[in-house]
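A quick write-up on the structure given underneath.
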Amino acid sequence: MVETMATQSVLLEVPAAGFNGDLARAEKEVARLTAQCKDHPTDLQGKVRLAYRMFHRASLTGKLADLEPVEAAILQTILQFGPKEDLCLLKANLDFRLHRLAEARRDLEMAPLLPGRFDARVLFADLAFQEGQYEAARLELEKLIDENPTWDTVARLAHWHSKLGDPAQADALYEQAEEDLSAKQMLSYAWLELQRGMLDFNHGRYPEAWAHYRRAEAGYPGHWHTAEHFAEMHAAEGNFAEAESILKEVIARTSKPEIQQALGELYLFTDRAEQAQPWFDSALAAYLESVRRGDVHYLHHLADFYAEARLEPAEALKWAEQDMKMRPNFSTQSVMALALFRNGRVPEALQYIGLVLDAGNRDAATYAFASELHEAAGETGKSAEFAELALQKNPKFRSFRIHH
Amino acid sequence: MADHNDPNAVNHIFSDIDYTPADLYDLFGWPTNESRNVVLALTFASAPAAGVLDTDLLYRLLVTSHPRVAWPASGEISVESVLGYFDAVKDKYLGELKTAEIRVTVQTPSRVLVKFIGFPCGDFSKEVDVNTVVEIPTPDRQTIKAFIGGRDDAFFNDLTGFFRSINYAPQFYHVPHTMTEARELPIPKTLLELEGNDLFNYREDMPKWGFTQPDGTTPKLDLPPGPWTWNGDRFKKDANGNFRFVYDGSDCRAGQNCNAIVFELPHSFITPQTEQNRLVNAWGESWVLKAAHKIESIPDDPSWLNHPWKVIREKELDDELRKYKLVDTDGQPFADAALSEREDDRQLGANNFWLGPHFIKRLAHLGWGFGPSISALGLACSFDHDNSPVSVYKTYDLVATAFPKVAKTLFQQLNMPDDSWNPKGLPIPLRRPFEIFIPNVCAVDMDTSGTWPFGRRLEDQVATRFLSMFLDMEAEFQGKKYHIDLLGDQALWDSAPIVPKTPPNPLHNDKAFLDSFPYLAEPWPEKW
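Protein chains in written order, with the numbering used here: chain P, 1 to 404; chain S, 1 to 528.
Encoded structure:
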């Protein structure tokens, strides 16, 4: 029977594959490639695919422990075949993820032509940003976008603007990045929606933030990263029980110590200090174990932990100094300012918060902290100015927030 | 259209890119039912599986019908005239030509919605099950046969030989997608192995090198450090004085499947003026749903600045299409893979007139490689390679300097092997390469059998016919004028100083085609 033409096709409700589907596929693919590489031990292409898929799987789980076999696989393949561009690029991305910036640079220089490749130049821009060379990072990103406006490069420029520039421009760029994505890239789409949601959250626009977070969930259901943001939203709106439940679920799935710390901070925020301690103990143990292994990924978290969660000013300062030495950017400078403040070194703290503001960071949290510092320095006028700026930026800045 | 693994964005040859159902393979088209009907068959990668479709994909078969237009016999052969032809095509396709469309959207992995848009009887649609032959009645009481589902891949081709002939590194070496300079290496294209071209010449110790295996792997080597060039001066010969063929005639797609969208349409459904409009042109497109429209629609902003053809296309989009991104197009065999070099931004379908000047330069580049090979075998060549004794790597910046070398290749009429292509004995001019590849459409001449280049039948060995463009059609072999199937004639290879003595590509598909709709053979059991 002939049916009348609809002006638009009505897509039937097909559940999005989402996180669980992706993770299952990643596991299956890793298993398949592992077997294939065993059967074909000299198959370089198979080994490179395996390393990439293992990295993808680790990105999905969010477990740092899943990155260890990735590094081992990359190093073993490099040992067997030499520093191939795609392997060096993957290693550089892995090191960057773990805050090993100097190593990331060395990785990119292992293959002679790699530094000039587009993907490597993108990573160099990331490194510049982490090392406090903000203008250089921005200019390079704009140049890269002119050459080839890939969604992730546009998203990086959006991130730049979200931290140091114009939030409206940041949102427009995130939206532009989304436009380039296909339905095969829902994980990336969800991530972009989370970033847009965070922009709204950081300005106190909670309904808009919710809309983005829900779109992230609808597009890519079941991701713990989205759940983390849902938890923050609930807590910010006073739904602490819901936030607590979700955070526990995320912890069960990922074991991430920073989420354990966040749960502890939620308990502190709601005057349940005793309930916070086991979570703090667990988070701290994981941080220290990481440092004991020689990792640097949690230096920032340790500084923050001792400055906020469980006050030990000297420890906070120690870790803040180490982190800032590796990554001299507004984020580490902000924690350095806090650590100094906890140690009673207010003038020095003011210098560091000045660096953060000079970089262009205009977060409500930064303004609020600047207000607190000026108050401590007896500069009540300036303190009031910054307090007002904080309120203008985000009238709800005193709500609970997770340190992402 | 023989177009596996292109454009580069969906090219599964690269290790870090996944297999995708947006990769179009071929477009076949030929008349049936005594020229009253036309079959159009678009094949594509069988992902997630043969007979299972991807709900994020949308496929389009664009169809026009218009009178046969012949290049005037006294027409001037010049750069200006061919560029004028490209402009005329542009004006026609952007101007007066009304293009109808069959659009297939995947509702579930086993059910699709087929829409017929812009046909004379009006728009209508039908939901159909996958893997089933269905008959769709039209508003004007005609019947369309449809099949959407899994089939044996109808393309039979020595793909590895083709890649060897163009020194395409990713087929033989691990080449990351980012290494854009390591695709077609700067070594002369050739049909005969080059002495000392160790990067691509056949290896006795690795006979499966570059051939995709049943388990899905392709034995490849580690790409050695550059420079990746060739400094030799001769073709390779063995102790018996035979050249080594870069092809071996094997069917690299044997035992492999595709998914297919097949329609058998009455010509009168496409145009009411069937007597006047004897050509049916078609091309295929694959589109993937945009991420934002997995959930909701967001209006697009067209990019006006760098891609005018994208602007034109944006204007044509309806609300549904705006939710999708164009990924791949398919028209003529090898137009995309060989001539457009698989570039992502050259997926233009019928609108490839913009690439006309590039095609001339590209064909000249190929001619410098294949031409001397053909001459070395004692065959007459349509390309003017200055009697070069060996293939040459040469590229052109200007159309004007490329054109004189490739003029004959572009403008010669391609002889057919016999008269079976023209069953009615009508005065239908033979086709010329420049009008075959631009526009990039499958042009079915309803008064012919539809064999390439008058369409494309399933049994056509188009890869070998593509190579025949470089033969001089005025020359003779065994008393007969050269023709497009000459390179498929075993007798030619038997008498040539070459090993292996085989046509470059298999002569037949690995599975017999069906005598009735949907004509493509049943799929094989999936191996992986």
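Ideal Cβ positions, reconstructed from N, Cα and C, are used throughout, including at glycine.
Drop a sphere of 10 angstroms on the beta-carbon of N167 of chain S, count the other beta-carbons inside from all chains shown, and report buried for 16 or more, exposed for fewer.
With 16 or more other Cβ atoms from the protein chains shown falling within 10 Å of its own Cβ, N167 of chain S counts as buried.
Cross-chain neighbours of D248 of chain S in chain P, by beta carbon under 9 angstroms
Listed along chain P, no residue sits closer than 9 angstroms to D248 of chain S by beta-carbon distance, the nearest being about 23 angstroms off.
So does the segment 474-490 of chain S actually touch the segment 49-65 of chain S, counting three or more Cβ pairs closer than 8 angstroms?
No, the segment 474-490 of chain S does not touch the segment 49-65 of chain S.
Does DSSP classify P137 of chain S as helix, strand or coil?
The answer is strand: DSSP assigns P137 of chain S an E or B state.
Span of the beta strand (DSSP E) holding V128 of chain S?
Here the beta strand (DSSP E) through V128 of chain S covers F124 to D129.
Spell out whether any CB of chain S is found under 9 angstroms from the CB atom of Q260 of chain P.
So no, Q260 of chain P is outside the interface.
Mind pulling the chain P residues with CB within less than 8 angstroms of L289 of chain S?
Correct list: S182 and A183.
So is R215 of chain P in contact with chain S if we call contact Cβ pairs under 9 angstroms?
By the rule that beta-carbons nearer than 9 angstroms mark a contact, R215 of chain P touches chain S.
Restricting to runs no shorter than 4 residues, where is the alpha helix (DSSP H) found entirely within the segment 355-429 of chain S?
Within the segment 355-429 of chain S, the complete alpha helix (DSSP H) runs of at least 4 residues are 356-376 and 399-411.
Please report the residue range of the beta strand (DSSP E) in which E109 of chain P lies.
That residue, E109 of chain P, is in no beta strand (DSSP E); it is neither H nor E in DSSP.
Using DSSP bridges, identify the partner residues of I498 of chain S.
I498 of chain S pairs with S:F243.
Same chain, Cβ closer than 6 angstroms to K115 of chain S, five either side skipped, listed in chain order
Same-chain partners within the cutoff: R103 and S125.
Express the C-alpha separation of L191 of chain S and F245 of chain S in angstroms, rounding to a whole number.
Approximately 6 angstroms between the Cα atoms of the pair.
Give a yes or no on whether the C-beta atoms belonging to F383 of chain S and A463 of chain S are separated by under 9 angstroms.
No. Outside cutoff.
Is there a Cβ from chain S that is less than 9 angstroms from the Cβ of S188 of chain P?
Yes, S188 of chain P counts as interfacial toward chain S.
Please name the residue or residues paired with T43 of chain S in a DSSP beta bridge.
BP columns for T43 of chain S point to S:A260.
So, is the C-beta of E179 of chain P closer than 9 angstroms to a C-beta in chain S?
Under the Cβ distance rule, E179 of chain P counts among the residues neighbouring chain S, one pair being separated by less than 9 angstroms.
Quick one: which chain S residues come within Cβ less than 9 angstroms of E85 of chain P?
Here the neighbours are P176, T178 and M179.
Report all residues from its chain with a CB closer than 6 angstroms to the CB of M324 of chain P; omit the five preceding and five following residues, and keep chain order.
Cβ within range, chain order: T332 and M336.
Along chain S, in chain order, which residues have C-beta atoms closer than 7 angstroms to that of R117 of chain P?
Within chain S, the residues near R117 of chain P are T178.
Where F454 of chain S and M473 of chain S are concerned, what is the direct C-alpha to C-alpha distance, given to the nearest angstrom?
Straight-line Cα distance between these residues: approximately 17 angstroms.
Name, please, each residue of chain P whose Cβ falls closer than 8 angstroms to the Cβ of D56 of chain S.
What D56 of chain S touches in chain P: S182, A183 and K184.
Indicate the three-state DSSP secondary structure (helix, strand or coil) for G530 of chain S in the structure shown.
The structure shown does not extend to residue 530 of chain S, since chain S is modelled only from 1 to 528, so the question has no answer here.
Just tell me which of S:P500, S:G149 and S:S449 has its CA closest to the CA of C258 of chain S.
Among S:P500, S:G149 and S:S449, the Cα nearest to that of C258 of chain S belongs to S:G149.
Does any residue of chain S bring its CB to less than 9 angstroms from the CB of Q169 of chain P?
Cβ-Cβ to chain S under 9 angstroms: no for Q169 of chain P.
Is the separation between the beta-carbon of D56 of chain S and that of K294 of chain S shorter than 9 angstroms?
Contact flag set, yes.
List the residues that DSSP assigns as beta-bridge partners of G54 of chain S.
In the sequence under discussion, the amino acid at residue 54 of chain S is Asp, which differs from the Gly named in the question. None; D54 of chain S has no bridge partner.
Chain-ordered neighbours of K294 of chain S on chain P, where CB pairs are closer than 7 angstroms
Neighbours of K294 of chain S in chain P, taken as residues at a C-beta separation under 7 angstroms, are given in chain order as A16, A183, M186 and G219.
What separation, rounded to the nearest whole angstrom, lies between the Cα atoms of T34 of chain P and A120 of chain P?
Taking the straight line from one Cα to the other gives about 27 angstroms.
Contact set between V296 of chain P and chain S, taken where Cβ atoms lie within less than 7 angstroms:
For V296 of chain P, no chain S residue has a C-beta closer than 7 angstroms to its own C-beta; the minimum C-beta separation is roughly 28 angstroms.
Which residue from S:V327, S:P139, S:V280 and S:V39 puts its Cα closest to that of K98 of chain S?
Measuring from the Cα of K98 of chain S, the nearest candidate turns out to be S:V280.
Check the Cβ of F81 of chain P against every Cβ in chain S and list those closer than 9 angstroms, keeping chain order.
Chain S residues near F81 of chain P: H174 and D222.
Per DSSP, what are the beta-bridge partners of G284 of chain S in this structure?
For G284 of chain S, which the question treats as bridged, DSSP gives the partners S:L61 and S:D330.
Any beta-carbon of chain S closer than 9 angstroms to the one on Q195 of chain P?
Using a CB distance cut-off of 9 angstroms, Q195 of chain P does not count as an interface residue toward chain S.
Is it true that the segment 272-288 of chain P meets the segment 78-89 of chain P, where meeting means three or more beta-carbon pairs spaced less than 8 angstroms apart?
No, they do not touch.
Can you find a C-beta in chain S that's less than 9 angstroms from the C-beta of L23 of chain P?
No, no contact with chain S.
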